[in-house]
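**Q** Residue numbers (this note's numbering), protein chains in the order written: chain A, 6 to 344; chain B, 6 to 344. Just so you know, even glycine gets a beta-carbon here, dropped at the ideal spot from N, CA and C.
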């Protein structure tokens, strides 16, 4: 007998209960931070809507935890809508979230660029039109591919975490909907990502790996739902694999000597932290070689693809204002500092 | 072609460089918090020894990240010694760490109960005897087995994280070596853990899984190095599997209706967060049924076994003083709040 990932070995009761039970666990673990609208699978900031504060709503398919529910709380999101695994939430969920968090100053929808998410958030905005002012920012930071399974244009991936943190801090400071939206757009314009997979995830309802990959193969430019990337390569050193990700990002972002970045090395869910720090070391060495400074960093599994092994790199070109909002206090289940 | 965990697919350059490169990455990602003594593979709190503060030193084999290096910083450890993967650090490392952090108020060694770790920390204490006052607390919270591969008596596992946090807060507040030691002992006396594995880890130097487990099998009472547990079971619902862990803990700890605990659901490295929150929900339901209150919680992969899939449960019986030290500010790579 051997251990294989082809067998679905997960911590769950019934497959159809994994999302509501995970949300219930989130609320029980962090009752001071979040509560759950169980009828809609929406994670809400504890304490009700903040009068006069722009509210931030995001959401998407489950399976990318802590994104998005783990980012609800002070200085980040006011609500997150959880779809089924790798499936967009429906407009009713987004409408319920938008109504629940509106404090009279408008609501910003932060939407990863996947066709279903974009369409459904648009419909939700239409459902509250005339009652609540809604703006929307679509994140599309993945440089791996133009158009993809589920997406027209670039996919929204790791940069979304940074958009949510930085726009959330600006909103917490009392900025207007127009200003918070402008900040979110500015982060999205200055952030790029790319990832690779060593293994596939297994969607619970499917029970088998989403894609097949040889024992010595890597999918370079993988999407967070297992969508195909740019190419397959033989497994290599992490130095070389980091190079496969950093080069397209740096090139696309147009950064070079003297620029400062936030460097985010993200685990896809099944890769342990010892390896993520090895990968961060590789990324840091490559950036040092280019004269690009790492002013801030984030290392961990923050936007995942179930138990997929692999990592992604996200670079955000920083300026003083973005650093200030990044450093501002945040208190969510998954990101916390300053409070 | 199929994806299997039998093939070693890791983010590394040379196998022998994984520990120093991971430590280098840790320091590059968190230069405000930690620095590395690269000659000794020791993680040190940035800014040098704190005059008059009791210093806390821990360490052990690598492969359990973020334990221990990720817990170095304000309000927790002053140094962590990193051995090779699943291999005890040597006394020279522990001596170097002890000398580097001594601020004149004594040093507490926090040692997980594995024969090599215990012996080597003892030797390190002898090497500085007459120069630095050293106390030692051996954690042994794993209720799964008495004696085990690598261990006489119970193994030290998840409770170690709580000992480091709580004793670290007491030391940060200026307590004496005797008082910090007493607090560490009190946490260890009131904490119990047990874990299970869905898959094996692969030690890089070995290149193959540490143990074999059928596609429908679970090792109940697993150690963090893949040591055998109590028994093998068929994979079951997370509700039932959580029960296999919680019952022995509650029984051994002797807690019941009206007691308050810190509930810690820990991922073994390869299990994604969506599943850990499902598991937390199961644990919370079981405790609710017993009238045991969850006053504090921790959910995430904090003491891991490389890419092993599975989880452990740790319960700490709380009193007001332990809650106060748990809530105190902490700023390390892996745990941060209040600052």
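#1: Could you tell me which residues DSSP puts in a beta bridge with residue 298 of chain A?
#2: Assign residue 96 of chain B to one of three DSSP states: helix, strand, or coil.
#3: Would you mind working out which of A/92, A/321 and A/33 sits nearest residue 269 of chain A, comparing C-alpha positions?
#4: Helix, strand or coil: which one does DSSP assign to residue 45 of chain B?
#5: Look at the alpha carbon of residue 248 of chain B and the alpha carbon of residue 228 of chain B, and state the distance between them as a whole number of angstroms.
#6: Quick one: any contact between the region 88 to 105 of chain A and the region 126 to 133 of chain A, if contact means 3 or more CB pairs under 8 Å?
#7: Could you tell me the boundaries of the alpha helix (DSSP H) in which residue 124 of chain B lies?
#8: Contact check, residue 200 of chain B vs residue 315 of chain B under 8 Å by CB: the rounded distance?
#9: Taking the straight line between their C-alpha atoms, what separation do you get for residue 39 of chain B and residue 251 of chain A?
#10: Show which residues of chain A have a CB atom less than 7 Å away from the CB atom of residue 71 of chain B.
#11: Can you tell which of B/292, B/113 and B/271 has the C-alpha that lies nearest to the C-alpha of residue 71 of chain B?
#12: With 7 Å set as the bound, which would you pick, yes or no: does the beta-carbon of residue 92 of chain B sit closer than that to a beta-carbon of chain A?
#13: Using alpha carbons as the reference points, say which of B/42, B/288, B/226 and B/135 lies closest to residue 152 of chain B.
#14: Report yes if the C-beta distance between residue 342 of chain B and residue 341 of chain A is below 7 Å; otherwise report no.
#15: Quick check on the DSSP output: the beta strand (DSSP E) that includes residue 14 of chain A runs from which residue to which?
#16: How would you call residue 217 of chain A, buried or exposed, if buried means at least 16 neighbouring beta carbons within 10 angstroms?
#17: Once DSSP output is grouped into helix, strand and coil, what is the label at residue 69 of chain B?
#18: Let's see if you can read the secondary structure: which residues bound the alpha helix (DSSP H) around residue 170 of chain A?
#19: Candidates B/141, B/241 and B/196: which alpha carbon is nearest residue 159 of chain B's?
#20: Around the Cβ of residue 19 of chain A, are there at least 16 other Cβ atoms within 10 angstroms (buried) or fewer (exposed)?
#21: On the DSSP letters alone, give me the boundaries of the alpha helix (DSSP H) that residue 326 of chain A sits inside.
#22: With DSSP as the reference, label residue 246 of chain A as helix, strand or coil.
#23: What did DSSP end up calling residue 113 of chain A once you bin it into helix, strand or coil?
#24: Mapping DSSP to helix, strand and coil, what is residue 39 of chain A?
#25: Hey, does residue 273 of chain B have any beta-carbon neighbour from chain A nearer than 7 Å?
#26: Between which two residues does the beta strand (DSSP E) carrying residue 236 of chain A extend?
#27: For residue 54 of chain B, which residues from the same chain have a beta carbon less than 8 Å from its beta carbon, with the 5 sequence-adjacent residues on both sides left out?
#28: Once the 5 residues before and after residue 285 of chain A are set aside, which same chain residues still bring their CB inside 8 Å of it?
#29: What residues of chain B sit near residue 286 of chain A, judged by a beta carbon separation below 8 Å?
#30: Just to confirm the assignment, what range does the alpha helix (DSSP H) spanning residue 85 of chain B have?
#31: Consider the Cβ of residue 248 of chain B: report whether some Cβ of chain A lies at a distance smaller than 7 Å.
#32: Could you check whether residue 92 of chain A and residue 74 of chain A sit closer than 7 Å to each other, using their CB atoms as the reference points?
#33: Under a three-way DSSP split, which group does residue 137 of chain B fall into?
#34: Considering only C-alpha positions, which residue in the set B/223, B/14 and B/163 is nearest to residue 148 of chain B?
#35: Would you kindly work out how many angstroms separate the C-alpha atoms of residue 174 of chain B and residue 198 of chain B, rounded to a whole number?
#36: Measuring only between beta-carbons, confirm whether residue 232 of chain B sits less than 7 Å from chain A.
**A** Reading it off the structure:
#1: Bridge partners of residue 298 of chain A: A/265.
#2: Here residue 96 of chain B sits in helix by DSSP.
#3: Per the Cα distances, A/321.
#4: The answer is coil: DSSP assigns residue 45 of chain B none of H, G, I, E or B.
#5: Across the structure, residue 248 of chain B and residue 228 of chain B are spaced so that their CA atoms are roughly 18 Å apart.
#6: Contact between the region 88 to 105 of chain A and the region 126 to 133 of chain A is present, because at least three Cβ pairs lie under 8 Å.
#7: If you look at residue 124 of chain B, you'll find it in the alpha helix (DSSP H) that goes 120 to 132.
#8: Contact holds; Cβ gap of about 6 Å.
#9: Taking the straight line from one Cα to the other gives about 25 Å.
#10: Residue 71 of chain B reaches chain A at 278, counting residues in chain order whose Cβ is nearer than 7 Å.
#11: Here the closest residue by C-alpha is B/271.
#12: No, no contact with chain A.
#13: For residue 152 of chain B, the closest of B/42, B/288, B/226 and B/135 by C-alpha to C-alpha distance is B/226.
#14: In this structure, residue 341 of chain A lies closer than 7 Å to residue 342 of chain B by Cβ.
#15: Per DSSP, residue 14 of chain A belongs to no beta strand (DSSP E) and is neither H nor E.
#16: Per the 10 Å Cβ criterion, exposed.
#17: DSSP places residue 69 of chain B in coil when its eight states are reduced to three.
#18: Per DSSP, residue 170 of chain A belongs to the alpha helix (DSSP H) from 164 to 177.
#19: Measuring from the Cα of residue 159 of chain B, the nearest candidate turns out to be B/196.
#20: Under the 10 Å beta carbon count, residue 19 of chain A is surrounded by fewer than 16 other beta carbons and is classified as exposed.
#21: For residue 326 of chain A, the enclosing alpha helix (DSSP H) has its first and last residue at 325 to 332.
#22: Looking at residue 246 of chain A - three-state DSSP - the assignment turns out to be helix.
#23: It is a strand residue.
#24: Strand, per DSSP.
#25: Cβ-Cβ to chain A under 7 Å: no for residue 273 of chain B.
#26: Secondary structure note for residue 236 of chain A: its beta strand (DSSP E) is the uninterrupted segment 236 to 239.
#27: Only residues of its own chain outside the window of five on either side were considered, and among them 60, 83, 105, 106, 107 and 108 have a CB closer than 8 Å to the CB of residue 54 of chain B, listed in chain order.
#28: 268, 270, 302 and 304, listed in sequence order.
#29: Neighbours of residue 286 of chain A in chain B, taken as residues at a C-beta separation under 8 Å, are given in chain order as 26, 27, 29, 30 and 33.
#30: That residue, residue 85 of chain B, is in no alpha helix (DSSP H); its beta strand (DSSP E) goes 84 to 90.
#31: Output row for residue 248 of chain B: interface = no.
#32: Here residue 74 of chain A is not near residue 92 of chain A, since their CB atoms are 7 Å or more apart.
#33: Here residue 137 of chain B sits in coil by DSSP.
#34: The residue among B/223, B/14 and B/163 with its C-alpha nearest the C-alpha of residue 148 of chain B is B/163.
#35: Here the alpha carbons of residue 198 of chain B and residue 174 of chain B stand approximately 22 Å from one another.
#36: By this cut-off, residue 232 of chain B is not an interface position.
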